[in-house]
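A.B. asks:
Residue numbers (the working numbering): 5 to 306.
1) Give a yes or no on contact between the stretch 145–158 and the stretch 186–198, applying the rule of three or more CB pairs nearer than 8 Å.
2) Cutting at 8 Å between CB atoms, please list the residues of its own chain near residue 302, excluding the five before and the five after it.
3) Ends of the alpha helix (DSSP H) at residue 104?
4) Excluding sequence positions up to five away, which residues of its chain have a Cβ less than 6 Å from the Cβ of residue 102?
5) Output the distance between the C-alpha atoms of residue 70 and residue 42, rounded to the nearest integer angstrom.
6) Using a Cβ-Cβ cut-off of 7 Å (strictly less than) and excluding sequence neighbours within five positions of residue 136, which residues of its own chain qualify?
7) Have a look at residue 62 and residue 79 and give me their C-alpha separation to the nearest angstrom.
8) So, under 8 Å CB-CB, residue 107 and residue 156 are touching, yes? Tell me the CB distance rounded to an integer number of Å.
9) What three-state label does DSSP hand residue 82 in the structure shown?
10) Who does residue 267 pair with in a DSSP beta bridge?
11) Under 7 Å: does the beta carbon of residue 239 sit that close to some heavy atom of the ligand MG?
12) If we ignore side chains and look at the alpha-carbon of each, how far apart do residue 118 and residue 219 end up?
13) Does DSSP put residue 317 in a helix, a strand or coil?
14) Rounded to whole angstroms, what's the CA-CA distance from residue 123 to residue 54? Just pull it up for me.
15) Between the alpha carbons of residue 183 and residue 138, how many angstroms are there, rounded?
16) Whole angstroms are fine: how far does the CA of residue 283 sit from the CA of residue 131?
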């Protein structure tokens, strides 16, 4: 299932090789952009292969403590534990960090990962209510369009995204609305149709939501990488992940998952004894660890 071309001109497309300056220019104008070939076919294949043994164990036809839209969705988090490609390639992706630096450094001083997981929606998935990433931060909701950038989503397609299989829907320009209390209908949004390996980038003020999967037998897979200002607490706790795995990662990737401090406007946050966390822990980086020595069922202990 691939997309030969896209007839929807409302979401502009740009190649990952165009560079962060060109990508950021479109983001400033439209609030969102599709970046083609964000991941290579090999990277997509590796992530899917790493996730498969874990995500297939998750039951889908159930509600959860939080949202009815989790029914017919599988969610596999803590990818740093189970995927070497995620640890090495995704968490160090030059476009992710090039764009994040342009968005967060001036106003916040630093950034880290809010949440990231593989989301798989199967046939019968009803879709999400349109929402903004920053909706979970009340002060940002109150400030509306004038709020400093708090969150940013790099939503990567791990399979084809089509209107039929529930492609994420967005409303370009919704970040500029004066009234953030207005709840639009799905008809006001458009599907983000992409090939596997493409990504749609949008800031925390853009209305979006997963679409309804009307396909027969196709499971759509997405990998959202949601970055946020260093002032805000990550959604997922990574403190209990095995230290030997963390020490295979770069210092940058370690910071993304909360094993190093963030420095916001000269103040180190998430510190230990008022010192940088990684330094105080004597944390190593870029260490070798054979994959067969990693207990990828570690999370089942909790």
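Quick reminder that beta carbons are idealized off the backbone N, C-alpha and C, glycines included.
C.D. replies: Let me spell this out:
1) no
2) Within the chain shown, residue 302 is the residue found at index 298, counting from 1. Once the five neighbours on either side are set aside, the close Cβ partners of residue 302 are 85, 245, 246.
3) Here residue 104 is taken as the residue at index 100 of the chain shown, counted from 1. Counted as a single uninterrupted DSSP element, the alpha helix (DSSP H) harbouring residue 104 occupies residues 98–108.
4) Working through the chain shown from its first residue, we reach residue 102 at position 98. Answer for residue 102: 24, listed in chain order.
5) Within the chain shown, the letter at position 66 stands for residue 70. Within the chain shown, the letter at position 38 stands for residue 42. Because the pLDDT at residue 70 is just 49, under 50, the model does not fix this residue reliably, and the value given afterwards should be weighed accordingly. Their backbone Cα atoms lie some 31 Å apart in a straight line.
6) Here the question's residue 136 lines up with position 132 in the chain shown. Only 208, 209, 210, 211 meet the Cβ criterion.
7) Here residue 62 corresponds to residue number 58 of the chain shown, with the count starting at 1. Here residue 79 corresponds to residue number 75 of the chain shown, with the count starting at 1. Each residue's alpha carbon lies about 8 Å from the other.
8) Here residue 107 corresponds to residue number 103 of the chain shown, with the count starting at 1. Here residue 156 corresponds to residue number 152 of the chain shown, with the count starting at 1. With a Cβ gap of about 5 Å, residue 107 and residue 156 count as contacting.
9) Taking the first residue of the chain shown as 1, we reach residue 82 at position 78. Shown here, residue 82 sits in coil according to DSSP, grouped into three states, outside any helix or strand.
10) By one-based count along the chain shown, residue 267 stands at place 263. Per DSSP, 272.
11) The ligand MG is absent from the structure shown, which contains no ligand whatsoever.
12) Counted from its first residue, the chain shown places residue 118 at position 114. Counted from its first residue, the chain shown places residue 219 at position 215. Rounded to whole angstroms, residue 118 and residue 219 show a C-alpha spacing of 31 Å.
13) This structure gives no information on residue 317, because the portion of the chain shown stretches from 5 to 306.
14) Residue mapping note: residue 123 aligns to position 119 of the chain shown, counting from 1. Residue mapping note: residue 54 aligns to position 50 of the chain shown, counting from 1. Cα to Cα, residue 123 sits roughly 14 Å from residue 54.
15) Here the question's residue 183 lines up with position 179 in the chain shown. Here the question's residue 138 lines up with position 134 in the chain shown. Cα to Cα, the separation comes out at about 15 Å.
16) On the chain shown, residue 131 is found 127 positions in, with the first residue counted as 1. On the chain shown, residue 283 is found 279 positions in, with the first residue counted as 1. For residue 131 and residue 283, the distance between alpha carbons rounds to 44 Å.
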